[in-house]
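K.L.:
Take this structure, written in structure tokens, and hold onto it; I'll ask about it next.
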């Protein structure tokens with residue numbers, strides 16, 4: 072009576088596994104600044120809460136497997152406002168961006184086939200790849216190069232006969248990189264040349280700073296049937312706990328395959344879709360002050376860190392993460408030590424060791440990811456406490 | 072650029088695929104009685120809606136991957152009230168019973184391995200098996216025998232070296248059968264003998280009539296580490312659209328494996344867990360009038376159908392479904408015809424063709440499943456219209 076290999080081999084969430092140390096610190100009365108996970112502190116819009124209040128019916132019924140028509144239409148309209156020509160018939164509502172990833176992996180590949188992903192990457196891709204028995208092949212990027220995509224040749228070298236898709240996440244979690252049109256072009260041409268799908272995780276698409284804008288892979292008409300976009304309301308509307316995402320595809324076979332996966336799990340939560348609809352009805356203007364707030368936070372974090380001797384980092388162009396190479400050998404040990412041993416005026420900080428964002432063994436051991444999800448005052452204090460901890464750690468080890 | 076084999080091969084929901092014909096009838100002004108799916112019309116408890124109203128916080132945040140501690144505790148307590156000794160450490164909250172099925176399949180088996188399930192069975196097992204690349208082996212039961220489990224030898228004959236688990240659903244969807252302690256014993260001893268897991272879908276456990284009670288496989292202490300129970304609030308509290316279920320296991324390896332699957336999808340919806348908590352706080356007494364209502368409906372349906380010449384059925388002991396063998400050759404054709412061609416005083420009825428509940432090709436073509444999910448007056452009318460349709464159909468084909 073042994074559990075399955077996939078249940079044994081699937082990686083424990085590297086972000087969540089250190090959580091018990093933080094819980095222990097809190098139980099001892101220590102204040103912990105959490106800049107380890109992408110849980111924003113932006114207030115969830117009032118209209119979302121109102122939708123929950125007003126959502127009452129006689130019976131809390133199943134909805135359609137592909138999500139409610141209203142919500143699918145409003146998502147299409149939202150993309151249209153960014154000049155992306157999709158309709159509700161290209162949209163399937165998913166239970167969070169997570170399910171959109173799982174469905175996408177499963178729709179393009181079978182057991183043992185490969186999906187090529189630049190690393191470091193969002194750690195849950197690993198979880199879903201293991202769960203779906205798909206192999207991730209990593210294309211290693213470098214913090215020194217600002218995690219830019221390499222040349223076409225270098226990308227092509229990682230494509231094998233088993234490769235079914237390339238996955239790009241832009242704006243990127245965990246690096247904060249926003250790929251340029253030129254970088255995207257390289258991947259688009261390879262996707263076409265090697266007859267692949269392009270899965271694009273664009274859940275941070277509004278989180279782009281310095282007056283730049285995000286280019287969606289949906290804008291490349293010549294590969295329109297190859298593109299599957301993963302979307303989510305979690306970060307956009309600060310609704311992480313709602314678990315509403317979407318798959319967007321203009322490929323009818325992919326759409327129908329994913330619809331059948333969706334039918335097996337019946338439907339996304341009914342009331343949460345009403346809440347999401349209310350959020351979309353705010354229109355694209357809602358996001359402007361949110362973007363400004365995050366740009367300010369990014370600047371505070373970047374300026375706050377840059378005088379640390381021996382670190383390597385690039386200013387993020389989007390999302391709300393940064394990867395920082397520290398002049399220490401084992402960042403997981405450092406992160407744990409911060410939670411168990413280090414106190415600064417009875418406070419400490421939790422960041423994420425970056426190793427879990429790499430597929431290649433040994434990579435990222437000297438890097439951390441910081442999420443700038445706290446408001447100015449708390450973020451400044453967190454940086455201060457973090458720097459004090461790093462200094463102390465380096466004097467000890 | 073081909074989609075995956077699993078996306079091609081996964082069965083379209085046989086229940087949902089006829090829905091467009093019903094929608095068409097409705098758009099023509101026809102009243103359709105839906106007794107094809109398990110969507111109860113029982114009012115969702117007020118306390119559930121109140122929980123949504125009162126659930127407001129500043130930020131709609133991620134919750135724990137395994138579900139909130141409060142809800143896990145209240146589910147354990149609910150089972151304790153049925154004399155089943157579990158704790159919250161045996162409970163993982165899932166996104167509907169659907170996810171509990173998917174997690175269970177994936178935790179016990181890898182690609183190409185087998186799960187043995189008596190057929191007819193809940194059609195979504197097929198979906199998740201395809202999605203998880205697991206093979207379902209069917210143990211065919213017979214409507215004439217009231218879908219009772221066969222002898223130990225006959226069950227054993229279907230076990231192969233690839234079998235990893237047996238799945239039992241009791242009270243059963245789609246047959247309404249409630250397995251006796253004796254029947255369960257047979258399976259329990261085989262599970263032990265062949266070193267298997269026992270997955271038990273017990274989401275209808277309160278839906279047992281005539282003063283009988285449901286015996287949970289969790290009561291068999293000698294296989295306590297082999298048991299995985301699939302649970303859900305959907306039917307129990309008429310909360311289908313909430314998508315809250317649970318996996319219950321006292322096997323630490325299974326628990327940890329499923330916890331890692333759960334971490335990959337981050338968490339179940341936050342507010343829906345508050346609503347579920349409120350539902351559980353009503354206690355076990357809440358269900359008594361609901362049970363009485365369903366028993367009445369079962370009697371109305373059974374009495375209403377039994378004078379149809381040439382049909383074969385058994386009185387269901389639980390859940391809210393019945394499988395009926397009709398004296399016609401192709402029930403899918405009949406169901407579609409009812410929606411497209413048959414009108415009785417501008418009304419018609421939608422039932423489910425039973426073929427989709429069988430794995431074995433050709434089985435169930437002459438059977439339908441009826442869900443007695445309508446209140447007395449509507450159910451009586453639906454039976455009347457159904458019988459008129461069946462008579463007409465038999466005179467035509």
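Protein chains in written order, with the numbering used here: chain B, 72 to 468; chain D, 72 to 468. C-beta atoms are modelled at their ideal positions from N, C-alpha and C, and glycine is treated no differently.
1) Run down chain B in chain order and give the residues with a C-beta less than 9 Å from the C-beta of residue 244/D.
2) Pick helix, strand or coil for residue 444/B, following the three-state DSSP scheme.
3) So, helix, strand or coil for residue 326/D, using DSSP?
4) Please classify residue 195/D: does DSSP put it in a helix, a strand, or coil?
5) Alpha carbon to alpha carbon, how far is residue 456/D from residue 415/D?
6) State yes or no: is the C-beta of residue 430/B within less than 8 Å of the C-beta of residue 214/B?
7) Does residue 136/B pass the burial test, meaning 16 or more other C-beta atoms within 10 Å, or should it be called exposed?
8) Quick one, which residues of the region 277-309 of chain D are near chain B if we go by CB-CB under 9 Å, in chain order?
9) Can the beta-carbon of residue 361/B be found less than 8 Å from the beta-carbon of residue 106/B?
10) Any residues in the region 157-184 of chain D with a beta carbon nearer than 8 Å to a beta carbon of chain B? Which ones, in chain order?
11) Look at residue 453/D and residue 123/D and say whether their C-beta atoms are less than 8 Å apart.
12) In three-state terms, what does DSSP make of residue 370/B?
13) Going by DSSP, name the residue or residues bridged to residue 187/B.
14) Suppose you measure from the CA of residue 161/D to the CA of residue 191/D; what does that come to, to the nearest Å?
15) So that I know if they touch, is there some Cβ in chain B lying closer than 8 Å to that of residue 95/D?
16) Against chain E, does residue 445/B count as a neighbour if the rule is that its beta carbon must be under 8 Å from one of theirs?
17) What is the C-beta distance between residue 379/B and residue 425/B, in whole angstroms, given that I count them as a contact (C-beta under 8 Å)?
18) Checking the sheet assignment: what are the DSSP bridge partners for residue 511/D?
19) Residue 224/B: buried (16+ other C-beta within 10 angstroms of its C-beta) or exposed?
20) Under a CB-based cut-off of 8 Å, is residue 337/B close to chain D?
21) So what does DSSP say about residue 269/B, is it helix, strand or coil?
22) For a contact meaning CB atoms closer than 7 Å, what does residue 340/D contact in chain B?
23) Determine the direct distance from the alpha carbon of residue 248/D to that of residue 278/D, and round the result to whole angstroms.
24) Is the distance from the Cβ of residue 186/D to the Cβ of residue 207/D below 8 Å?
25) Should residue 81/D and residue 331/B be called a contact, given that it needs their Cβ atoms to be closer than 8 Å?
26) Using a Cβ cut-off of 7 Å, pull out every chain D residue sitting near residue 112/B, in sequence order please.
27) Indicate the three-state DSSP secondary structure (helix, strand or coil) for residue 277/D in the structure shown.
28) For residue 336/D, count neighbouring C-beta atoms within 10 Å of its own C-beta (all shown protein chains included) and say buried if the count is 16 or more, exposed if not.
29) From residue 351/D to residue 241/D, what does the alpha carbon distance come to, in whole angstroms?
30) In the structure shown, what three-state DSSP assignment does residue 424/D receive?
31) Between residue 305/B and the rest of its own chain, which residues show a CB-CB distance below 6 Å, the 5 nearest in sequence each way excluded?
32) So residue 238/D packs on residue 196/D, CB below 8 Å; how close in whole Å?
33) What's the call for residue 267/B, buried or exposed, on a 16-neighbour Cβ count within 10 Å?
34) Looking at C-alpha atoms only, which residue of 420/D, 112/D, 367/D, 402/D is the closest neighbour of residue 434/D?
35) Among 432/D, 419/D, 408/D, which residue has its Cα nearest to the Cα of residue 465/D?
36) For a cutoff of 8 Å on Cβ pairs, would you count residue 120/D as touching chain B?
P.N.:
Here's the rundown:
1) Within the second chain, the letter at position 173 stands for residue 244/D. When 9 Å is used as the limit between beta carbons, residue 244/D is near no residue of chain B, the shortest such separation being about 13 Å.
2) For this step, residue 444/B is matched to residue 373 along the first chain. Looking at residue 444/B - three-state DSSP - the assignment turns out to be coil, as it is neither helix nor strand.
3) Position 255 of the second chain, counting from 1, holds the residue named residue 326/D. Three-state result, residue 326/D: helix.
4) Numbered from 1 along the second chain, position 124 holds the residue referred to as residue 195/D. If DSSP states are grouped into helix, strand and coil, residue 195/D belongs with the helices.
5) Here residue 456/D refers to the residue found at position 385 when the second chain is read from its first residue. Here residue 415/D refers to the residue found at position 344 when the second chain is read from its first residue. Their Cα atoms are separated by approximately 6 Å.
6) Here residue 430/B is taken as the residue at index 359 of the first chain, counted from 1. Here residue 214/B is taken as the residue at index 143 of the first chain, counted from 1. Against a cut-off of 8 Å, the Cβ pair of residue 214/B and residue 430/B comes out as no contact.
7) Here residue 136/B corresponds to residue number 65 of the first chain, with the count starting at 1. Buried, since its Cβ has 16 or more Cβ neighbours within 10 Å.
8) 296, 297, 305, 308, 309
9) Taking the first chain and counting its residues from 1, one reaches residue 361/B at position 290. Taking the first chain and counting its residues from 1, one reaches residue 106/B at position 35. Not closer than 8 Å, so no.
10) Those residues of the region 157-184 of chain D placed with their C-beta closer than 8 Å to a C-beta in chain B are 166, 167, 169, 170, 173, 177, 178, 179, 180, 181, 182, 184, ordered along the chain.
11) For the purposes of this step, residue 453/D is taken as residue 382 along the second chain, with counting starting at 1. For the purposes of this step, residue 123/D is taken as residue 52 along the second chain, with counting starting at 1. Taking 8 Å as the cut-off, the Cβ atoms of residue 453/D and residue 123/D do not count as close.
12) On the first chain, residue 370/B is found 299 positions in, with the first residue counted as 1. If DSSP states are grouped into helix, strand and coil, residue 370/B belongs with the helices.
13) Along the first chain, one-based indexing puts residue 187/B at 116. Partner(s): 208/B, 237/B.
14) Here residue 161/D corresponds to residue number 90 of the second chain, with the count starting at 1. Here residue 191/D corresponds to residue number 120 of the second chain, with the count starting at 1. CA-CA distance, residue 161/D to residue 191/D, rounds to 30 Å.
15) The sequence position of residue 95/D within the second chain is 24, counting from 1. Output row for residue 95/D: interface = no.
16) Within the model displayed, chain E is absent; protein chains B and D are what it includes.
17) Numbered from its first residue, the first chain carries residue 379/B at position 308. Numbered from its first residue, the first chain carries residue 425/B at position 354. That belief does not hold up - the Cβ atoms of residue 379/B and residue 425/B are roughly 16 Å apart, past 8 Å.
18) Residue 511/D falls outside the range modelled here, since chain D spans only 72 to 468, and no answer is possible.
19) One-based indexing of the first chain puts residue 224/B at position 153. Under this definition residue 224/B is an exposed residue.
20) For the purposes of this step, residue 337/B is taken as the residue at position 266 of the first chain. So yes, residue 337/B belongs to the interface.
21) On the first chain, residue 269/B is found 198 positions in, with the first residue counted as 1. Strand, per DSSP.
22) Working through the second chain from its first residue, we reach residue 340/D at position 269. Chain B residues near residue 340/D: 312, 313, 314, 340, 343.
23) Start at 1 with the first residue of the second chain, and residue 278/D comes out as number 207. Start at 1 with the first residue of the second chain, and residue 248/D comes out as number 177. Distance between the alpha carbons of residue 278/D and residue 248/D: 11 Å.
24) One-based indexing of the second chain puts residue 186/D at position 115. One-based indexing of the second chain puts residue 207/D at position 136. Cβ atoms of residue 186/D and residue 207/D: closer than 8 Å.
25) Walking along the second chain from the start, residue 81/D turns up at place 10. Walking along the first chain from the start, residue 331/B turns up at place 260. Cβ distance < 8 Å, so residue 81/D and residue 331/B count as in contact.
26) Counting from one through the first chain, the residue named residue 112/B turns up at place 41. Within chain D, the residues near residue 112/B are 130.
27) Residue numbering aside, residue 277/D sits at position 206 when the second chain is read from its first letter. Reduced to three states, the DSSP call for residue 277/D is coil.
28) Here residue 336/D corresponds to residue number 265 of the second chain, with the count starting at 1. Classification for residue 336/D: buried.
29) By one-based count along the second chain, residue 351/D stands at place 280. By one-based count along the second chain, residue 241/D stands at place 170. Looking at the two C-alpha atoms, the distance is approximately 21 Å.
30) Numbered from its first residue, the second chain carries residue 424/D at position 353. It is a strand residue.
31) Locating residue 305/B in the first chain gives position 234, where the first residue counts as 1. Same-chain partners within the cutoff: 311.
32) Along the second chain, read from residue 1 onward, the residue named residue 238/D stands at position 167. Along the second chain, read from residue 1 onward, the residue named residue 196/D stands at position 125. About 7 Å separates the CB atoms of residue 238/D and residue 196/D; that is less than 8 Å, so the two are in contact.
33) The count along the first chain starts at 1 and reaches residue 267/B at position 196. Under this definition residue 267/B is a buried residue.
34) Stepping through the second chain from its first residue, residue 434/D is reached at position 363. The shortest C-alpha separation from residue 434/D is found at 402/D.
35) Looking up residue 465/D in the second chain gives position 394. When each option's Cα is compared against that of residue 465/D, the closest is 408/D.
36) The residue you call residue 120/D lines up with position 49 of the second chain. By this cut-off, residue 120/D is an interface position.
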